[in-house]
Amino acid sequence: MTPGTTPIPINKLLTTGDFGLAKFDLVIILDSSTSVREENYDTMKQFTKDLLANSDIDGGNVRVGVASFSMRGSINFQLKDYRTKKDVFNAIDKIQYIYGSTNTADAIRLMRADMFTAENGDRPDVKNIAIIITDGVSNINSQTTIPEAEKARDVGIHLYTIGIGLSNLTELNGMASVPAKDNSFNVQSFDELKGLAKIFPSKRPALLSTTTSIVENTADAQLSTTTSFVESTADTGIPTYVIIVVTTLVFMLIAALVVIVVVCYKRKRANHSSSRDIPQNQTIEQRGLILQTIQQ
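This is the structure we're talking about:
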């Protein structure tokens, strides 16, 4: 991907229609550190499959690679390895949980230097997107985590970050593409990933607001996020609902002005006609009586 290419907004990217038709190379990076625990790692893998449910892998529009990290980064499979959704899902199911410390920087380095390369399946004419899912901050090479993310962004990789139960969002936001408010998300628990996966494919705007509880309620979860996450128009970035409201108000104002002009015009004509019917030599009292008669 050429640096500077406009990325696909994640809410557009992951909607049922747009995600299915979009053409991009995607790497998902999973936190496999000790704090995650194996049952939660399985939830992360299921979340990954849920995100890919409507992607056009079989048709060749979407290529997927997955990496994970604990003590060090590890490539689970490359963009070139699988060409069908079934094979991708089977490969995700086989990813092993490896406990250890949290070396996020090494996974980001591998993603940039090894996975998004032509020899491993990266295509030069499509967007490069990475989603990092983590439940904690780095405790190995932590000083290089954000710089590694910056290197990835500098070569045109658009980074989304999803945190799970984080109270300190500095690293999560620092890894994400700018602005972080549009590219960094935080849920309160692993179970809430299920709710997040349901919101992303929705055609409705997902009503997430900065550092507040999500307005969108699902059967499984209520989410909180570090981002404003509303559907925007492709060209302006203005939320669709804002455009609809403003347009409606403008039309209502125009209609009201037209009604006022018509009413004023009719009254003016009526008064003018009444004045012409009154002889000019009549007294004021007589004219008043005539006007009353006409108006009756």
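Going by UniProt numbering, the sequence shown opens with residue 1, and the numbers climb by one from there.
From the three backbone atoms N, C-alpha and C, an ideal C-beta is built for every residue, glycine too.
For residue i, three-class secondary structure by DSSP
i	result
K86	helix
T117	coil
S184	strand
N54	coil
N128	strand
T48	helix
I133	strand
I108	helix
K194	helix
N40	helix
Neighbour flag for residue i against chain E, beta carbons, 8 Å
i	result
L166	Here there is only one protein chain, and chain E is not present.
CA nearest to the CA of residue i, picked from the options
i	options	result
V155	G136, G174, P124	P124
A152	N61, A107, D87, D42	A107
I146	H158, T170, L166	T170
N61	A22, V263, I164, L172	A22
D25	L79, M111, G100, Q96	L79
F89	F77, Y160, V178, Y99	F77
I29	V64, G59, K127	V64
D58	D81, I260, V246, Q96	D81
Cβ-based neighbour list, residue i, same chain, cut-off 6 Å, excluding 5 preceding and 5 following
i	result
S74	S68
G136	S35, T102
Y265	none
I129	F24, L26, H158
I162	I133, F185
Bridge partners - residue i, DSSP secondary structure assignment
i	result
R63	D25
V68	In the sequence as presented, Val is not what sits at residue 68; that position holds Ser. Paired residue(s): L30, S74.
Same chain, Cβ closer than 7 Å to residue i, neighbours up to 5 away in sequence not counted
i	result
E148	A105, I108, R109
S167	none
Which full runs of the beta strand (DSSP E) of 3+ residues lie inside the segment 139 to 191, going along the chain? 157 to 164, 184 to 187
Alpha helix (DSSP H) segments (min. 4 residues) lying fully within the segment 242 to 269: none
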